[in-house]
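Novice: In case it helps, the numbering used here puts the sequence shown at residues 149 to 351. Using N, Cα and C, we set each Cβ at its ideal position, and we do this for glycine too. The following block contains the structure, expressed as structure tokens.
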Amino acid sequence: MTDKIEFEPTEDAWACTLKDLCLSKLQIAMVVTGGGTGAISRCLRRSGASLNFVEAVVPYSRIATQEYLGFEPTEGYASQQTAIALAQTAHRRAAALSNTPQQACGIALTATLPTSAAGSDARLPQNCCVHVASQCEAICRGWSLCFAAQPSERAVSESIAEQIFLIALQDSLHQHGFRISSDPVQALNAAGLTVTLTDAKSH
149 MTDKIEFEPT EDAWACTLKD LCLSKLQIAM VVTGGGTGAI SRCLRRSGAS
199 LNFVEAVVPY SRIATQEYLG FEPTEGYASQ QTAIALAQTA HRRAAALSNT
249 PQQACGIALT ATLPTSAAGS DARLPQNCCV HVASQCEAIC RGWSLCFAAQ
299 PSERAVSESI AEQIFLIALQ DSLHQHGFRI SSDPVQALNA AGLTVTLTDA
349 KSH
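What follows is the structure in structure tokens.
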């Protein structure tokens, strides 16, 4: 049995990031394939969100993910490679749906989070992974985090996924000249969680 995950989302960082976003001209398309959909709610539940977010898509099934990408992922549906491919597709969609394609950005989240399956022991920890990627005009980056969690920790696991999405959102702002005053990685590190950064080839 593992220790309970002690993680608290950084509400102030979310508030500051969304406030900065209002001052930017970023045009963001989001895609989340299941776990972590709360990130979409966080981004869209404020007034004026449509000025920055052009689209939010949740291709929940494998077939839906294939339809969105235009091909079947070869590295698994919850992987860094698939997150990058999703972000690149989202970027193309953001550029097509915006009058300022140079401000377009695609952010993707794909994850495996703890779930209660029939016949499984709810007390046993499950291997979980969160993969987030962003594609802006010239830079593509990915963030990954793997951890163990019990089915009873689904809510906190969702919050962890949202926190990594926040990292990508902040990075997109930083690429467009905004100074970031908070570091959402610190809250994850404080919970004993380590995020891996990947600089990927832009499409």
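(1) Any idea which residues DSSP pairs Asp347 with across the strands?
(2) Between Val206 and Ala259, what straight-line distance do the alpha-carbon atoms span, to the nearest angstrom?
(3) Secondary structure at Glu156, three-state DSSP: helix, strand or coil?
(4) Would you check if the region 149-162 and the region 228-235 touch, i.e. whether three or more CB-CB distances between them fall below 8 Å?
(5) Please determine, among Gly183, Thr181, Ile176, the residue with the shortest C-alpha to C-alpha distance to Cys191.
(6) List the DSSP bridge partners of Ser282.
(7) If I'm right that Leu321 touches Ile328 with Cβ under 8 Å, what's the distance once you round it to whole angstroms?
(8) Across which residues does DSSP place Glu203 in a beta bridge pair?
(9) Using only CA atoms, which one of Lys152, Thr248, Thr181 lies nearest to Val280?
(10) Taking its Cβ as the centre, do 16 or more other Cβ atoms sit within 10 Å of Phe219, making it buried, or is it exposed?
(11) Specify the secondary structure class of Thr342 as computed by DSSP and reduced to three states.
(12) What would DSSP say about Ala297, mapped onto helix, strand or coil?
(13) List the endpoints of the continuous alpha helix (DSSP H) containing Thr237.
(14) Less than 7 Å separating the beta-carbons of Cys164 and Ser300?
(15) What's the gap between the Cα of Gln244 and the Cα of Asn200?
(16) Thinking just about the alpha-carbon of each residue, which of Gln250, Arg241, Arg193, Val278 is nearest to the one in Leu293?
(17) When the Cα atoms are used, what is the spatial distance from Pro332 to Pro249?
(18) Taking DSSP's pairing of strands, which residues face Cys170 in a bridge?
Specialist: Taking the coordinates as given:
(1) The beta-bridge partner set that DSSP reports for Asp347 consists of Arg289.
(2) Just so you know, the alpha carbons of Val206 and Ala259 end up roughly 12 Å apart.
(3) Coil.
(4) Contact between the region 228-235 and the region 149-162 is absent, with fewer than three C-beta pairs closer than 8 Å.
(5) The candidate whose alpha carbon is nearest that of Cys191 is Ile176.
(6) Per DSSP, Ile255, Arg289.
(7) Confirmed, Cβ separation roughly 7 Å.
(8) DSSP output for Glu203 lists Ala177 as bridge partner(s).
(9) If we check each option's Cα against that of Val280, Thr181 comes out closest.
(10) Within 10 angstroms of the beta-carbon of Phe219 lie fewer than 16 other beta-carbons, which makes it exposed.
(11) Thr342 falls in the coil class under three-state DSSP.
(12) Collapsing the DSSP output to three states places Ala297 in a strand.
(13) Per DSSP, the unbroken alpha helix (DSSP H) holding Thr237 starts and ends at 228-244.
(14) The beta carbons of Cys164 and Ser300 sit no closer together than 7 Å.
(15) Residue identity check: residue 244 is Ala in the sequence provided, not Gln. CA-to-CA, the gap between Ala244 and Asn200 works out to about 14 Å.
(16) Shortest Cα-Cα distance from Leu293 to any of Gln250, Arg241, Arg193, Val278 involves Val278.
(17) Distance between the alpha carbons of Pro332 and Pro249: 28 Å.
(18) In DSSP, Cys170 forms no bridge with anything.
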